[in-house]
Every structure is written in structure tokens, then in C-alpha cells.
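Number of protein chains: 2
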Amino acid sequence: MARPREFDRDAALKAATEVFWSKGFAATSTEDLVQAMGIGRQSFYNAFGDKRRLYLEALESYYRNATSCHIGRLTAPASPLAGLRDLLVGLIPDDDALRCKGCLGAGSVGEFGVTDPELTETREKVIAGFRAKVVERLKEGQRLGEIDPAIDIEQAASFIEITMSGLQLAAKGGAGAQELHAIAAFAVERFRA
Amino acid sequence: MARPREFDRDAALKAATEVFWSKGFAATSTEDLVQAMGIGRQSFYNAFGDKRRLYLEALESYYRNATSCHIGRLTAPASPLAGLRDLLVGLIPDDDALRCKGCLGAGSVGEFGVTDPELTETREKVIAGFRAKVVERLKEGQRLGEIDPAIDIEQAASFIEITMSGLQLAAKGGAGAQELHAIAAFAVERFRA
DNA sequence: TCAATTATGGACTGATCAGTCAAAAACGGA
DNA sequence: TCCGTTTTTGACTGATCAGTCCATAATTGA
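From first to last, the protein sequence lines stand for chains A and B. Its first residue numbered 1, the first sequence is counted upward by one per residue in the numbering used here. Its first residue numbered 194, the second sequence is counted upward by one per residue in the numbering used here.
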């Protein structure tokens, strides 16, 4: 019983995500956003609240999608070590333009740190779920004798997370795909029994 | 034969560096800067050019100082492996407020990526010099039998760089000092013969 | 003492910022 | 058809942005 929305909310969110991803939060203006989203100013505020709300929403959907992809690569191969390798290697796109955008999640940590509790909470919730899967795969690796039994699982999981961040920052800094793929494989190889 | 500057240029630069370090480039206003630097607006533009010039200068002096500290820790111990460990552990301050500021260099990569050639050049020059020292220490480690001779030196050096970035991003994200110290030690331990 | 030069303080610029307002338009239910 | 509700459009808000202008002050060499 009211006028229906003319634009596709999901598509607009996706367009906004791209802008935030490329430019960061602070350097993105609402004008940039409405332009990229192809909607009017008031529609923007009606549908998404404000700039910060939109950023939160974009980040959340980005995390959801990225995490699901990560877990897919982590768990697809029969070999746990291969799964971990695919996880890390898969972070690095071959396409230059895509790779040097880095990771929106890493970008938000770099830009906000721990200054925004809502953002921090979202991040930690996502990471906790993902980390559990990594731990699972690491344990499996030790059970199968692929991974050095002397390695502490929790530390190894933290190490994987750190390596992911490092790879994504290096990608943003312009490192080449081949080089980064090699480093990813190198890191996982350090676990081999 | 002209009026001398009333403020200490180095101190002002240091104050500006702190602001950029805490807030990033885009989120820092010139008003923030002149306030923190304790100087007038015109003095600011006289002495430092403009906001971007000041950022470049701040980043350069930050890099110079940080790199010298890194190399100090890397080369101090007799054991190469201990040097690498001290390098990584030393990235992580115990003080919470300091630690969660992360690294200005990492921040600049996150914020600008490869979009600013001048900034990228500065970064790459610094990293090249530092990396050479890491390579040196890795070779020494292999010579002394501390480091697994099967490990490729160049990949190991890249891996150290990646781990440094990862640790600093995690610190910015609020990770604890103990946890990060443990991960740093864990990473280096992966090299042991 | 004065001329040349640079630093300083404060007002000022047009541009852009995030966000709001009001009026018109498009729909579903009655 | 007409009413209630929501979307859309475009103008508009005060605040803040980076950077400039100008008059005054402080210094040194002549």
C-alpha cells in the first residue's frame, strides 16, 4: 500500500561495497556513493540509514561472502595441508586490478583499529567461526601425520590468520600474484611433518 | 637576515606524525594538525608545504627510525634465529595504547595501496635496504646450521616481511601482546633446522 | 637606523562535507 | 476513485574542508 522501491537494494549495496573497498571509509563521500549506487540522495538515507550504517552493512555482507569462500577452499581438498594451502593461495587473485584492492576487512582494521566497538564485534564474531574451521583442519592434519605433531594447534591457527592479513596487505601494496602464491605455499609448507 | 622560526620543526613534525599515525591521512584535518603541532596555520604551510607533503615527510622519518630499530634488533644477537625472533617480537609493544596504533607504514599501504607513486617509491626503497639485512641474517643462519638448509632464502625473506605486516595489523586490531609475541616466536621457529 | 626578508596571526576563500526538508509521484487497499 | 503510505527528486542546511591573503612582527646585514 505504498510506492515500491525502484532500485535493487542488493545491487546498490554491492556497488557501495566496491567504493568503500577501493577508497576506504573516510575517503569515500556520500556523493561518491549515491553516484556509484545510481540512486538519489534521499533514497540512500531511506534505505541505508547513513554512511556509517551502510559501511557496517557492506562490511558484514563482505565478511559473510569472503568467509564462505575461504571455508570452501579450506575444506575442499582431501588433504588438510592442501586445504590450508588453497585457503592462502586463494586469497590472491591473478587479476592485478582486483588483487591490489586488497581486502575490505583488513582495510577496516587498518582504518578503524579498535575504535569502533560495533565494527570490532562484527569482525570478531566472523573470525571466531572461521578460526574454528582452521583449527579443525589443523587437527586433522596432525591425525593424518601430514602436520608436525610438535606444533601447537592454537598458535598455528593464529599464525594462519596473521599470514592471511600479511598476504592481503602485501597484495594491496602491489606485490605480484606469483610471488604471493609462492609465499602462501611456503608458509603452509612450514607445517609439514 | 629574516625573522627566525619560533617553533621546533622536528618537534612539530613528530607531533604531526603522531596524529597521522593514530587517525590515518584522510581522517586527519589540517586543523587537527596545526592544533597538535602547536603552530599557526600559515607557519604550517610555510614550513611543510601542504598536508600531503607533511604526510610524506612524516612517513619518511617514521620509516627511517623504524627501520633502524628493526635492523638493530635483527643484528644484535649472536644467533641469527634469535635476531629474527627479536625483530618480530620487538614489533609488538607491551603498552596497549601504543600497540593498538599499529604501524604508520602499514597504515599507509592500507590507505593508499599503489595509488600514490611517490609514496610507493619511498616505501620500496626502505624495504629493499631492510630486506637485504634479513637475507644476510638468513644466510648466516643456514651457514651456522640453525636454519633448515632446504629453505629458500628469498622466499623466507618475503615470508618474514609478510609476517611483520600481519603482526602489525593484528596489533591494530586489538590482539594481545603475549599472544602476538608467541606467534612471532612460532613463525621464526618454523625455520629451525 | 633602516631596508630586506621571513614568520606569524587571523580573517577569509570557494569547495565539499554529511545529512535534511518539502513537494511531487507512485503504488495498494478501500 | 481516493486515501494512506512510502519513494523519489532536487534544492537546501550549517559545518568543515584545504589552502590563501594580508597586515603586522621580528630578525639580520648594511
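Built from N, CA and C at the ideal position, the CB exists for glycine as well.
Just tell me which of B:365, B:209, B:300, B:235 has its CA closest to the CA of residue 114 of chain A. The residue you call residue 114 of chain A lines up with position 114 of the first sequence. Checked all of B:365, B:209, B:300, B:235; the closest Cα to residue 114 of chain A is B:365.
Answer yes or no: do residue 261 of chain B and residue 210 of chain B have a C-beta to C-beta separation smaller than 8 Å? For the purposes of this step, residue 261 of chain B is taken as residue 68 along the second sequence, with counting starting at 1. For the purposes of this step, residue 210 of chain B is taken as residue 17 along the second sequence, with counting starting at 1. No. Outside cutoff.
Look at the alpha carbon of residue 186 of chain A and the alpha carbon of residue 229 of chain B, and state the distance between them as a whole number of angstroms. Position 186 of the first sequence holds residue 186 of chain A. Position 36 of the second sequence holds residue 229 of chain B. So the two alpha carbons sit approximately 44 Å from each other.
Delimiting residues of the alpha helix (DSSP H) encompassing residue 6 of chain A: Locating residue 6 of chain A in the first sequence gives position 6, where the first residue counts as 1. Unbroken run through residue 6 of chain A: none, as it is neither H nor E.
Could I get the ranges of all uninterrupted alpha helix (DSSP H) runs contained in the region 95 to 134 of chain A, with 4 residues as the minimum, in chain order? 96 to 99, 104 to 112
Own chain, CB closer than 8 Å to residue 84 of chain A, minus 5 neighbours either side, in chain order: Start at 1 with the first residue of the first sequence, and residue 84 of chain A comes out as number 84. Excluding sequence neighbours, residue 84 of chain A sits near 74, 134, 137, 138, 141, 160, 188, 191.
Which of helix, strand or coil does DSSP assign to residue 385 of chain B? To locate residue 385 of chain B, count along the second sequence from 1; it is residue 192. It is a strand residue.
Could you check what DSSP says for residue 138 of chain B in three-state terms: helix, strand or coil? Shown here, chain B extends from 194 to 386; a query on residue 138 of chain B therefore has no answer.
For residue 371 of chain B versus residue 284 of chain B, is the C-beta distance shorter than 8 Å? For this step, residue 371 of chain B is matched to residue 178 along the second sequence. For this step, residue 284 of chain B is matched to residue 91 along the second sequence. No. Outside cutoff.
Considering Cα atoms alone, identify which of B:279, B:310, B:205, B:234 is closest to residue 373 of chain B. As a first step, residue 373 of chain B is located in the second sequence; it is residue number 180 there, counting from the start. Ranking the options by Cα distance to residue 373 of chain B, first place goes to B:279.
Please report whether the beta-carbon of residue 331 of chain B lies at a distance below 8 Å from any beta-carbon of chain A. What you label residue 331 of chain B is simply residue 138 of the second sequence in a count that begins at 1. For residue 331 of chain B, the answer is no, since every Cβ of chain A falls outside 8 Å of its Cβ.
C-beta atoms of residue 63 of chain A and residue 122 of chain A nearer than 8 Å: Here residue 63 of chain A refers to the residue found at position 63 of the first sequence. Here residue 122 of chain A refers to the residue found at position 122 of the first sequence. Cβ atoms of residue 63 of chain A and residue 122 of chain A: closer than 8 Å.
Residue 277 of chain B: contacting residues in chain A (beta-carbon distance under 9 Å): Here residue 277 of chain B corresponds to residue number 84 of the second sequence, with the count starting at 1. Going along chain A, no residue has its Cβ under 9 Å from residue 277 of chain B, so there is no contact; the nearest lies around 13 Å.
For the alpha helix (DSSP H) containing residue 264 of chain B, name the first residue and the last one. The residue you call residue 264 of chain B lines up with position 71 of the second sequence. Unbroken alpha helix (DSSP H) run through residue 264 of chain B: 244 to 268.
Against chain B, which members of the region 162 to 181 of chain A pass a CB distance test of less than 8 Å? 162, 163, 164, 165, 166, 167, 169, 170, 172, 173, 174, 179
With distances taken between CB atoms, is the gap from residue 259 of chain B to residue 322 of chain B smaller than 8 Å? As a working note, residue 259 of chain B is residue 66 in the second sequence. As a working note, residue 322 of chain B is residue 129 in the second sequence. Contact: no.
Around the Cβ of residue 194 of chain B, are there at least 16 other Cβ atoms within 10 angstroms (buried) or fewer (exposed)? For the purposes of this step, residue 194 of chain B is taken as residue 1 along the second sequence, with counting starting at 1. Burial call: exposed.
DSSP three-state call for residue 146 of chain A: helix, strand or coil? Numbered from 1 along the first sequence, position 146 holds the residue referred to as residue 146 of chain A. The answer is coil: DSSP assigns residue 146 of chain A none of H, G, I, E or B.
Relative to the C-alpha of residue 202 of chain B, which residue among B:220, B:238, B:295 is closest? Residue mapping note: residue 202 of chain B aligns to position 9 of the second sequence, counting from 1. Nearest of B:220, B:238, B:295 to residue 202 of chain B, Cα basis: B:238.
Give the straight-line distance between the Cα atoms of residue 143 of chain A and residue 43 of chain A, rounded to the nearest whole angstrom. Taking the first sequence and counting its residues from 1, the one referred to as residue 143 of chain A is at position 143. Taking the first sequence and counting its residues from 1, the one referred to as residue 43 of chain A is at position 43. The alpha-carbon atoms of residue 143 of chain A and residue 43 of chain A are separated by roughly 55 Å.
Using 8 Å as the threshold, is the C-beta distance between residue 350 of chain B and residue 324 of chain B below it? As a working mapping, residue 350 of chain B is identified with position 157 in the second sequence. As a working mapping, residue 324 of chain B is identified with position 131 in the second sequence. Their beta carbons are under 8 Å apart, which means residue 350 of chain B touches residue 324 of chain B by this criterion.
If you compare alpha carbons, which of A:27, A:108, A:120, A:4 is closest to residue 47 of chain A? As a position in the first sequence, residue 47 of chain A is number 47, starting the count at 1. With distances taken between Cα atoms, residue 47 of chain A lies closest to A:4.
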